[in-house]
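Presented below is the structure to which this report refers.
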Amino acid sequence: MRRKKQLFENIPAHAGIVVAGAGFGGSLLSIILKQQGHDVLLLERSTHPRFTIGESSTPIADMILRDLAQTYGLEWLTPLSRYGSWKESYPELRVGLKRGFSYYFHEPDKPFSDDTRHARSLLVAASNSDESSDTQWYRPDFDAFLVQKAVEEGVAYYDQTEITRVLDNGPGHPWYLSLRSGKRTHELSADFIIDATGADQLSRLLGVKPADYAFHTSSAAVFSHVTNVPEWHSYLQEQGISGTDTYPFHPDHAALHHLIDEGWLWMLRFSDGLLSAGFMLSWEDQKQLVRKSNHKLVQHLFQQYPSLNALFDGAEIAQLPGKWLKTKPLQRMSQNAAGSGFALLPHSAGFVDPMHSTGIAITLCAIEKLALLFREAKPGETVNSYALDAYSISIMRELQLIDVLVAGCYKTRRNPDLFEAWLSCYFTCSISYEQARLKGERPASFLNAMEQPVSSMIYEAWEHLLQLEKEGFPDAACHAFIEAMRRRIQPWNIAGLLTPNQKMYAHTAVDL
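Residue numbers for the sequence shown follow the UniProt record's numbering, beginning at 1 and rising by one.
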């Protein structure tokens with residue numbers, strides 16, 4: 001990327017705000033804080049461009065992007081909130097078209113099949129046209145672009161720089177940080193630290209402990225970027241699969257989910273054909289399987305599902321990252337997301353699972369909240385401790401809600417009708433949040449995680465699902481659960497979710 005190289009030796013002895021991590025969240029927040037007049041130092045342990053995932057935007061994310069652009073005078077940011085304006089304004093930035101969410105339900109050792117009633121498929125629209133649609137962010141391009149914008153805005157940026165030690169001198173006193181770049185070291189003080197690293201190493205240095213929270217979701221990933229993979233829609237048509245003529249949008253122009261016994265496979269396609277693909281595996285069921293080497297694990301998974309195996313038969317690993325990557329269980333949560341003199345962005349505070357594409361949106365929601373806190377504090381002033389506590393509580397509640405919304409999808413993934421019923425919980429949360437913003441409100445929490453009565457409805461449905469699981473998912477009880485979900489979501493269901501025999505939802509998109 002083009003930018004003036006900052007020499008490590010020129011790092012100042014003191015910074016008002018240190019933002020650690022130059023992913024899109026850290027860079028965008030740094031830009032906003034600089035606009036507010038704060039003294040900002042942005043540190044990155046790696047260099048750009050770099051490979052990372054977390055690529056799928058949503059209507060909520062786009063709404064917040066536009067509001068941030070308007071509030072802080074970032075006119076260049078607005079076009080990035082829609083596919084059409086992105087392609088027109090920034091053709092050099094790789095991007096994908098995302099019209100909504102598509103789901104396909106596979107059985108081991110059987111080619112995928114469907115019927116005109118869409119018994120094994122489900123499509124949910126999130127936008128009304130390609131031009132106004134959401135996007136798939138190619139993070140190596142997007143993150144590097146935002147770093148460049150941060151530098152242009154006057155943010156002091158240093159890459160290949162790691163924070164190795166943090167000393168807390170108590171409330172009202174600055175932090176002392178030890179930095180390292182190669183063999184060189186540096187000491188500085190800072191009034192406030194924002195952890196945007198997306199991991200938990202820095203938060204541990206800040207004294208933040210892991211939360212005493214038992215996740216309901218337990219999953220690990222194996223993923224990469226690949227080329228030479230045909231579109232799923234084309235494959236379905238070539239195989240003569242029924243029902244494709246009634247799709248409300250192209251299923252590859254979406255966050256495409258393939259539900260399998262082991263978990264699920266994501267496919268996020270960029271406009272030039274590059275594909276982000278990854279298996280999410282239920283850890284409790286697949287501990288032994290995950291011990292295979294990365295390549296053998298992927299090969300084994302594809303071989304269980306003939307249609308997916310055929311689709312990826314000619315796949316080639318993209319140059320970046322150059323291999324399949326594998327994780328341990330992804331779930332983690334910190335005890336708190338803020339305290340005296342520090343705050344964590346959501347992915348530093350915890351992580352659940354990429355199901356529902358919540359990553360970008362929850363980060364932007366947190367940026368909006370932190371930006372408001374710092375706008376109310378003049379440069380050099382202490383940020384309101386009560387506001388930081390409220391921020392921390394909201395992040396924890398949001399992660400816990402996402403955990404429940406995701407865990408229910410794993411529990412129901414082998415039953416398409418039951419899966420659809422549980423999935424309506426996520427879309428109900430999204431719709432309620434979107435409708436609030438359209439009225440000019442700014443909800444206190446992402447997905448209205450702290451708002452009554454929608455959050456209570458979700459947890460009531462969760463208890464019902466757990467009881468259903470204990471009973472072994474008998475057919476009559478499953479039907480009763482689906483009917484109960486229709487009643488539960490009715491107060492917010494402006495999109496016709498769970499309409500009997502629908503499956504193809506063209507009118508769930510919010511008018512933006």
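Glycine included, every Cβ here is placed at the ideal spot set by N, Cα and C.
Coil, strand or helix - residue i by DSSP
i, result
"GLY96", "strand"
"GLN490", "helix"
"ILE241", "coil"
"GLN467", "helix"
"ARG3", "Low confidence applies here, because ARG3 scores a pLDDT of 46, under 50, leaving its location unreliable; read the following figure in that light. If DSSP states are grouped into helix, strand and coil, ARG3 belongs with coil."
"ASP313", "coil"
"ASP485", "According to the sequence provided, residue 485 is Met. The question's Asp does not apply to it. In the structure shown, MET485 sits in a helix (DSSP, three-state: H, G or I)."
"THR246", "helix"
"GLN435", "helix"
"ASP168", "coil"
"TYR459", "helix"
"GLY278", "strand"
"LEU498", "coil"
"THR185", "strand"
"ARG414", "coil"
"THR428", "helix"
"ALA476", "helix"
"HIS507", "coil"
"residue 596", "Nothing can be reported for residue 596, as the shown portion of the chain is limited to 1 through 512."
"ARG139", "helix"
"ASP285", "helix"
"GLY16", "strand"
"GLU153", "coil"
"ARG180", "strand"
Inter-residue spacing [alpha-carbon to alpha-carbon] between residue i and residue j
i, j, result
"THR161", "LEU167", "18 Å"
"LEU97", "PRO251", "11 Å"
"SER102", "ALA337", "33 Å"
"THR412", "LEU77", "39 Å"
"ARG3", "ALA361", "Bear in mind that the predicted position of ARG3 carries a pLDDT of just 46, short of 50, making it too unreliable to give a figure here."
"ASP114", "ILE393", "44 Å"
"ALA126", "TYR247", "14 Å"
"HIS186", "HIS173", "19 Å"
"LEU80", "LYS470", "46 Å"
"ARG45", "ASP159", "6 Å"
"MET355", "ALA150", "30 Å"
"ARG397", "ASP261", "29 Å"
"ASP67", "GLU153", "19 Å"
"MET1", "PRO111", "Bear in mind that the predicted position of MET1 carries a pLDDT of just 44, short of 50, making it unreliable; the figure below should be weighed with that in mind. Spanning the two alpha carbons is a distance of roughly 45 Å."
"TYR213", "GLN331", "10 Å"
"LEU344", "ILE60", "21 Å"
"ALA477", "GLN467", "10 Å"
"PRO321", "GLU368", "31 Å"
"PRO346", "ILE241", "41 Å"
"ASN128", "ARG184", "53 Å"
"ASN169", "GLN286", "46 Å"
"VAL40", "LYS34", "6 Å"
8 Å Cβ cutoff met for residue i and residue j
i, j, result
"residue 518", "HIS253", "Nothing about residue 518 can be reported from this structure: the residues present for the chain run from 1 to 512 only."
"SER340", "SER203", "no"
"LEU122", "LEU370", "no"
"VAL229", "LEU275", "yes"
"SER224", "TRP324", "yes"
"ASP352", "ILE402", "In the sequence as displayed, the identity of residue 352 is Val instead of Asp. Yes, these two residues count as a Cβ contact at 8 Å."
"ASN415", "CYS429", "no"
"PHE24", "LEU146", "yes"
"ALA255", "SER357", "yes"
"HIS106", "LEU259", "yes"
"VAL222", "PHE279", "yes"
"GLU75", "TRP137", "no"
"THR508", "VAL124", "yes"
"TYR305", "PRO108", "yes"
"TYR83", "ASP141", "no"
Anticipated Cβ contact below 8 Å, residue i with residue j, distance rounded
i, j, result
"THR327", "ALA199", "Incorrect: roughly 12 Å between the Cβ atoms, too far for contact."
"ILE458", "VAL383", "Not confirmed; about 31 Å, so no contact."
"ARG375", "GLN36", "6 Å"
"TYR176", "LEU42", "Going by Cβ atoms, the distance from TYR176 to LEU42 rounds to 19 Å, so no, they are not a contact pair."
"MET504", "HIS38", "In fact, because the Cβ distance is near 48 Å, the residues do not count as touching under 8 Å."
"ILE163", "ALA390", "No, ILE163 and ALA390 are not in contact; Cβ-Cβ is about 26 Å, not under 8 Å."
"GLY408", "TRP422", "4 Å"
"ARG165", "SER181", "The Cβ separation is near 14 Å, so there is no contact."
"GLY16", "ASP191", "5 Å"
"LEU281", "ILE11", "With a Cβ gap of about 42 Å, LEU281 and ILE11 do not count as contacting."
The ligand NAP heavy atom lying under 7 Å from the CB of residue i
i, result
"LEU259", "Only the bare structure without any ligand can be found here, which leaves the ligand NAP out of the picture."
Quick check for students: name the residue ranges of the beta strand (DSSP E) that lie wholly in the region 208 to 242, counting only runs of 3 or more.
219 to 227
Going residue by residue through the region 40 to 121, where are the continuous alpha helix (DSSP H) segments of at least 4 residues, counting only ones entirely within it?
59 to 71, 83 to 89
Complete beta strand (DSSP E) runs within the region 251 to 275 (minimum length 3 residues, chain order)
255 to 260, 263 to 269, all fully within the region 251 to 275.
Contained alpha helix (DSSP H) runs [length at least 4] in the region 326 to 409, N- to C-terminal order
346 to 349, 359 to 375
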